Amino acid sequence: MLAYLARRLALSGVLLLGVVLAVFLLHHALPMDPAAALLGKNYSAEKAHELREGLGLNDPLPVQFLRYLGALSRGDLGRSHVSNVLVTEELKKALPATIELGLTALLLAILLGVGLGILTSLRPRTWWDVGGLTVALVGVSLPIFWLGFLAVALFGDNGALETRGQALLASSGGGWFPYSAGALGGLLLVSPLMYVGKRFWAFLGRPAGRVLLGLGGCALGLGFVHFLFGFSGLPLGGRFNASVWELNTFVAETPGTTGFLLYDTLVVGRDADAFFHVCSHLLLPALVLSSVPTAIIARITRASMGEVLVQDYIRTAKAKGLTGRAVVLKHALRNAAIPIVTTIGTQLGYLIGGAVLTETIFQWPGMGRYVVDAILASDIKPLQASVLIVAVSFVVLNLVVDLSYAWLDPRVGDARE
Amino acid sequence: MSSPSDLTTGRRLLRWWLTFLSHHRPALVGFVLSSLILLVAVFGPLVLEHAPDTVFGRFEPQGAEHLLGTDSQGYDVWARIVHGGRVTLWIALSSMLLSLTLGTIAGAAAGYLGGWVDLLVMRGVDFAMSFPSFLLAMVAIAILGARLENLVLAVGLVGAPIFARQVRAEVLRVKTQEYVTAARALGFGRVRILFRHVLPNCFAPIVVLGTLTMGSAILDVAGLNFLGLGGDPYTTPEWGLILKQGWEKRPLGNLQVTAAGLAIFLTVLGFNLLGDGLKDELDPRTRRR
Amino acid sequence: MRTRNLLPALLLLLPFAAGCPQGEGGGIKKIDQSSLVEVITSDDAKVLDPHTTSDGGNVKVIVQIYQTLVRVDPDDFKKALRPELAESWTVAPDGKSITFQIRKGVKFHDGADLDAVACKLSLDRLLERGFKLTVSPYGTMFGDLDGIEAKGHELTLTLKNPVAPVMLRSLSMFSGSIVSPKLLEATKTMKPEEAQVHVTQNAAGTGPFKLESFDPAAKVTRLKRFVGYWEGSPTVETIVFKQVADKAARGEYIKRAKGVILCDDVPRELWKELGSNEDLVLKTWWSPNVGYLGVSGIHEKTKELPLRRAIALAIERGPVVAHYEDTARPTFSLVAQVMASYDASIHCPDWDDDRAKRIAKAKELVKEAGAEGRKLTIYHPNQARPYLPAPSAIADTIRNQLKEIGLDVTVQGKDKNALFPEIETGKYELVLIGWTTDNGDPDNFYSPLADGAEGKASASNVSRVFDAKIHDQVMAARAVSDPQARIAAYRALEKDLQTRIAGYVPLVNTKTAVVYNKRLTKVEVDGVGHYRFHKAILSAK
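Chains as they are written, first to last, in our numbering: chain A, 45 to 461; chain B, 9 to 297; chain C, 58 to 598.
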């Protein structure tokens with residue numbers, strides 16, 4: 045185990061060094077001339093040469109690399125040539141935005157994916173199974189920018205919902221009728237769950253569970269009706285509405301803030317209004333971003349649970365008289381966890397890549413948008429810095445996933461060649 | 009059920025294929041879907057009424073004359089979607105083949121030769137995989153320049169390490185099989201053994217990965233184009249570009265976005281269904297029964 | 058067991074519990090919506106340093122914070138200049154010196170007082186005397202400035218040439234903004250790029266609004282009224298500049314805005330609809346701009362004069378104008394139609410022929426240049442500009458037209474931040490671009506765009522050819538004061554430009570629009586497209 049740990053750490057170290065070297069070389073590989081950007085209309089071959097001399101770009105590569113390492117060790121990532129702002133300053137804002145979006149999406153993906161996976165694995169070869177598999181397949185095949193377009197068109201604050209709501213309200217006669225119908229409909233919708241879900245949610249069979257589920261169904265129906273009639277839609281982009289909340293000032297000036305707006309509004313600012321405002325901006329992009337990881341996690345969970353559920357110890361557990369839920373959660377899920385955890389780890393990398401497109405559609409001021417803008421504007425230092433940050437965090441994440449894998453399954457460390 | 013590697017004649021391969029499709033319904037759906045789209049992409053442009061760069065009135069409504077209307081340039085959207093299929097599939101296919109070729113060569117060399125070659129290739133693969141693939145493709149485009157033809161290179165290069173890893177694992181497995189040992193005992197050359205005995209037996213997983221890669225390549229290419237890191241929006245019709253144009257012309261371009269997005273989605277779904285089916289069938293680890 | 062089932066539900070309620078009123082202190086402030094104007098733009102602000110920028114997105118904010126010595130008449134920029142920070146000025150009879158009486162009792166946002174020394178410091182920085190700038194996009198327009206003398210509230214400028222009227226026009230531009238001396242003194246020891254960031258983040262001018270929060274990452278800038286403003290405190294309390302880059306999203310935003318907004322880049326296809334909206338005011342006017350196709354004279358692929366002339370002949374302006382939704386007109390010279398010196402006769406006579414004839418002639422010229430089937434690329438900025446609402450679509454239309462004379466053209470979009478500095482290096486053969494004047498004089502087009510003289514050509518001068526005769530003509534035309542003589546001068550210049558250099562093809566002159574809520578009155582919109590809120594009044598619903 046220790047040998048494995050050492051080997052894995054050494055490998056990550058080598059990788060990190062390689063990443064830094066590659067990012068350094070990127071500066072020379074890119075067809076962007078820093079001299080052209082700096083000189084502009086005063087550009088001439090001699091002046092460019094002079095400037096390159098001044099910037100040290102004519103020195104031998106190893107010398108430049110050492111200088112780059114030196115700058116990195118001081119935390120100096122250079123300046124953007126568009127705004128001349130320090131890249132570290134810009135990253136301080138972009139990183140939390142992406143991490144917040146990515147983690148929320150991952151959380152949604154785990155909840156939805158594992159739930160869907162368990163549900164389908166419990167009823168193989170039924171409509172549940174087919175439905176779950178279809179959702180998973182569609183999830184990985186959807187172009188994420190198209191999904192974003194659909195989400196914005198259907199749920200965005202673009203007038204469509206209000207028009208439809210008013211038309212519906214007029215045709216239904218208004219008054220209490222739509223709301224009572226909504227509550228009844230919600231109740232009817234969840235009632236099959238009380239019987240279908242017996243094995244998974246055993247407590248739903250009990251009176252308390254039924255009441256809870258019934259209330260939930262009513263609330264769901266009412267919420268849906270409210271959504272149909274009164275909901276003008278979710279915000280179309282950004283992390284918050286800067287014309288309403290002075291959140292950027294708050295984050296800049298309040299000690300203890302992190303740039304993670306959910307945390308800052310809830311814990312530091314202790315302001316529920318602001319918190320829900322931030323949530324409403326986060327919901328749509330996070331859902332869109334979670335589509336692929338949800339699908340993949342659901343498939344892995346289904347496969348892994350499928351293998352575990354037919355094992356003898358599950359039968360033994362049932363024979364001992366344990367309820368369905370206990371068996372599923374305590375015995376089966378725990379033993380099926382390894383591939384699920386690995387998949388979740390690999391999906392983190394996907395989230396970084398997928399975030400680029402999601403952030404573009406929802407005007408999210410995060411790393412993805414930052415990288416695209418840097419490439420489009422031929423802004424070398426921000427591009428270098430963001431590639432470095434993403435790659436380093438990716439290497440570290442992979443290390444953590446591998447180590448946790450070894451921890452969950454001690455055989456891994458020993459079994460490797 | 010036997011794997012196709014045991015079969016040598018085309019007839020037996022066809023029979024195997026038909027049996028596979030007849031008992032694996034999702035794969036059948038995927039096969040029908042992707043062949044339909046392939047047919048439309050290959051032969052559609054021949055029977056289309058309009059060329060993709062004939063200029064009509066701007067934003068003409070959909071109807072008998074223009075199935076999906078015209079766009080801001082006066083181009084027929086349906087004609088562009090059909091031609092775009094050709095372009096999109098061609099780019100995806102070329103980049104997939106590039107990944108496949110590079111990955112197979114590297115993986116086979118690593119697995120078969122072992123030693124320092126193996127070490128070098130696998131560290132290279134580890135290194136390439138320490139960047140999220142989409143980001144890596146974006147950086148490749150930044151280096152090569154935002155042009156349609158460079159998308160093939162960028163997406164193709166980024167996809168290669170996965171092939172290399174898979175092929176290496178297969179070669180390592182096949183290398184220890186009896187028939188390879190037998191060939192070696194007969195004194196066959198290393199190259200001949202690799203090409204005649206080892207690689208043909210790694211065929212199945214490469215086909216599976218290739219099919220699945222088609223899907224992801226289409227998505228990556230369309231995504232890069234959508235970000236403006238591909239070709240010019242009008243010169244060549246490509247699904248990601250058509251979608252981007254429509255997106256910028258909302259709400260007039262809504263139909264265009266829907267159509268292009270649907271085309272991408274259905275194609276990727278087709279390849280994914282087929283790829284998953286093949287994987288179920290050919291991969292010894294996930295094979296049913 | 059049962060309590061454990063309720064745990065998740067309790068967890069969900071946690072935010073409500075956390076949100077119980079906390080009293081004063083840590084709460085997050087909300088902006089008072091009753092005195093707020095949201096400015097919706099397509100460009101975002103990145104730099105708020107007037108001396109080192111030319112980007113439209115920055116200028117919109119800069120003109121709220123900073124002021125200049127003189128300014129153009131807000132009703133009609135062709136009229137005489139108006140006093141601003143200078144109460145009055147006199148021009149010496151020889152036209153080689155200007156004396157300003159600087160306004161008294163004006164304070165900067167950071168508390169500094171305005172006097173002639175403060176003005177001199179800003180002009181010194183603009184000319185990089187004792188300061189170093191990262192870039193100085195308009196520095197050359199002030200190249201004629203020689204001595205600057207400050208005494209109390211009297212500022213005297215001496216000029217190298219007798220160009221006082223043009224210099225006054227240049228001083229009315231945002232580049233001539235007067236920045237707080239306190240702020241500038243602090244930047245003297247900094248590196249140029251640090252100085253630019255310092256000025257941006259601590260922006261302090263004499264304008265009616267001061268910088269409150271600058272967040273380029275979120276593309277939002279918030280300004281607050283400056284109570285000590287010399288014309289009296291504005292009544293509008295907060296202005297939020299917000300970028301909505303996506304055109305369709307911007308259209309939605311305008312239509313569905315709940316508060317008071319002003320949008321300066323209104324999607325052209327919505328002008329009719331918004332003009333008839335009873336809650337909104339739509340102001341449109343012909344802007345002093347020209348969109349054109351620049352053709353490089355120094356690039357390998359377009360170095361033959363006949364080829365450049367052929368390109369100019371082949372282009373048909375009608376289909377180009379179609380992309381502007383009836384808000385633009387074809388144009389044939391760099392004198393925009395709204396300028397005092399405009400006359401329809403100012404254009405190259407070759408363009409009077411009908412299309413078939415022009416195409417035939419163009420084909421001949423292409424043959425003469427030996428350029429049949431040559432592969433060319435039209436570059437264009439990815440971002441829409443006021444004179445280019447749909448760059449890639451317009452480039453595609455031109456591509457189709459150049460196909461007709463046997464040229465193999467492709468189109469390539471580039472980010473404006475990458476494209477503009479690179480045009481100056483002569484890297485691109487064809488560039489679709491344009492120009493808007495900030496001072497309303499045709500020389501503001503010809504000097505930077507047509508004259509390739511060393512150190513004068515601007516970023517948008519694609520041709521980069523220096524021709525001694527053209528240079529003399531440009532210099533002569535700017536000094537002419539008689540309107541008819543000036544028209545004649547530009548007519549001759551335009552003809553020579555197209556036959557000797559053919560470095561650009563003028564395409565369109567466009568209308569500009571600003572839309573805002575009816576609740577907002579007395580907002581000042583001038584002819585070059587700047588809007589100011591110092592007198593604006595917000596009435597209740």
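All residues carry an ideal CB built from backbone N, CA and C; glycine is no exception. Computed from a predicted model, the values in this text were never measured in an experiment.
Chain B residues whose Cβ lies nearer than 8 Å to that of residue i
| i | result |
| --- | --- |
| Asn457(C) | Asp61, Val63 |
| Asp130(C) | Under the 8 Å cutoff, chain B gives no residues; its nearest Cβ is about 37 Å from Asp130(C). |
| Thr31(A) | The question about residue 31(A) has no answer here: the residues shown for chain A are numbered 45 through 461. |
Beta-carbon proximity list for residue i, same chain, < 8 Å, skipping 5 on both sides
| i | result |
| --- | --- |
| Leu337(C) | Ile311, Leu331, Val572, Tyr573, Asn574, Lys575 |
| Gln81(B) | Val63, Arg66, Tyr242 |
| Glu373(C) | Arg412, Gln458 |
| Asp201(A) | Ser276, Gly277, Leu278, Pro279, Leu280 |
Proximal residues of chain B, C-beta to C-beta of residue i below 9 Å
| i | result |
| --- | --- |
| Val416(A) | Met146, Leu235, Gly236, Leu237 |
Residue closest to residue i, alpha-carbon to alpha-carbon, out of the options
| i | options | result |
| --- | --- | --- |
| Leu445(C) | Trp408(C), His380(C), Pro140(C), Arg548(C) | His380(C) |
| Asp172(C) | Thr191(C), Ala143(C), His166(C) | Ala143(C) |
| Ala145(B) | Ala421(A), Trp451(A), Val416(A) | Val416(A) |
| Gly183(A) | Ile424(A), Leu139(A), Tyr449(A), Thr338(A) | Thr338(A) |
| Ala546(C) | Ala559(C), Asp167(C), Ile527(C) | Ile527(C) |
| Met396(C) | Glu479(C), Pro540(C), Met224(C) | Pro540(C) |
| Ile188(A) | Arg204(B), Leu54(B), Leu227(B), Val216(B) | Leu227(B) |
| Ala227(A) | Val234(A), Gly265(A), Gly200(A) | Gly265(A) |
| Leu180(B) | Thr244(B), His205(B), Gly195(B) | His205(B) |
| Leu286(B) | Val215(B), Gly248(B), Ala267(B) | Val215(B) |
Under 7 Å by beta carbon: chain C residues contacting residue i
| i | result |
| --- | --- |
| Asp240(B) | Ser449, Thr467, Val468, Gln469, Gly470 |
| Ser324(A) | Under the 7 Å cutoff, chain C gives no residues; its nearest Cβ is about 13 Å from Ser324(A). |
| Pro245(B) | Chain C residues near Pro245(B): none, gap ~12 Å exceeds 7 Å. |
Chain-ordered neighbours of residue i on chain C, where CB pairs are closer than 9 Å
| i | result |
| --- | --- |
| Lys287(B) | Within 9 Å Cβ-Cβ: nothing; Lys287(B) doesn't reach chain C, min ~37 Å. |
Own chain residues within Cβ distance below 6 Å of residue i, not counting five before or after
| i | result |
| --- | --- |
| Gly167(B) | Ser107, Thr221 |
| Ala75(C) | Annotation note: pLDDT 45 at Ala75(C) (below 50); position unreliable, coordinate value reported separately. For Ala75(C), where only same-chain residues beyond five positions count, there are no Cβ hits under 6 Å. |
| Phe188(C) | Arg182 |
| Ala47(A) | none |
| Val392(C) | Ser398, Tyr399, Ile403, Pro499, Tyr547 |
| Val297(C) | Glu95, Arg279 |
DSSP bridge partner residues for residue i (one or two, in chain order)
| i | result |
| --- | --- |
| Lys267(C) | Lys281(C) |
| Arg442(C) | Leu445(C) |
| Leu487(C) | Val352(C), Ile435(C) |
| Gly470(C) | His437(C) |
| Asp272(C) | Val277(C) |
Contact list for residue i against chain B, beta-carbon separation under 7 Å
| i | result |
| --- | --- |
| Leu109(A) | One detail in the question is off: residue 109(A) reads as Phe in this sequence, not Leu. Going along chain B, no residue has its Cβ under 7 Å from Phe109(A), so there is no contact; the nearest lies around 17 Å. |
| Ile396(A) | Pro140, Leu143 |
Same chain only: Cβ atoms within 7 Å of residue i, ignoring 5 sequence neighbours per side
| i | result |
| --- | --- |
| Leu160(A) | Gly176, Val179, Ala342 |
| Ala597(C) | none |
Cβ of residue i within 7 Å of any chain E Cβ
| i | result |
| --- | --- |
| Ala305(C) | Absent from the structure: chain E. Protein chains present are A, B and C. |
Contacts of residue i in chain C (Cβ-Cβ under 8 Å)
| i | result |
| --- | --- |
| Thr309(A) | Ile85 |
| Gln81(B) | Ala450, Asp453, Thr454 |
| Thr343(A) | Note that residue 343(A) is Arg in the sequence shown here, rather than Thr. Chain C residues near Arg343(A): none, gap ~26 Å exceeds 8 Å. |
| Trp289(A) | Ile85, Lys86, Lys87, Ile88 |
Partners in chain A for residue i, counting only beta-carbon separations shorter than 8 Å
| i | result |
| --- | --- |
| Ala275(C) | Lys137, Gly282, Arg283, Ala286, Asn292, Pro409 |
Enumerate, from N- to C-terminal direction, the unbroken alpha helix (DSSP H) stretches of 4 or more residues contained entirely within the region 401 to 429 of chain C. 412 to 426
What residue ranges within the region 310 to 367 of chain C form continuous beta strand (DSSP E) runs of no fewer than 3 residues, ordered along the chain? Those beta strand (DSSP E) runs which fall completely within the region 310 to 367 of chain C and span 3+ residues are 317 to 320, 337 to 343, 346 to 352.
Would you list, in sequence order, the uninterrupted alpha helix (DSSP H) runs of no fewer than 4 residues that lie entirely inside the region 193 to 229 of chain B? none
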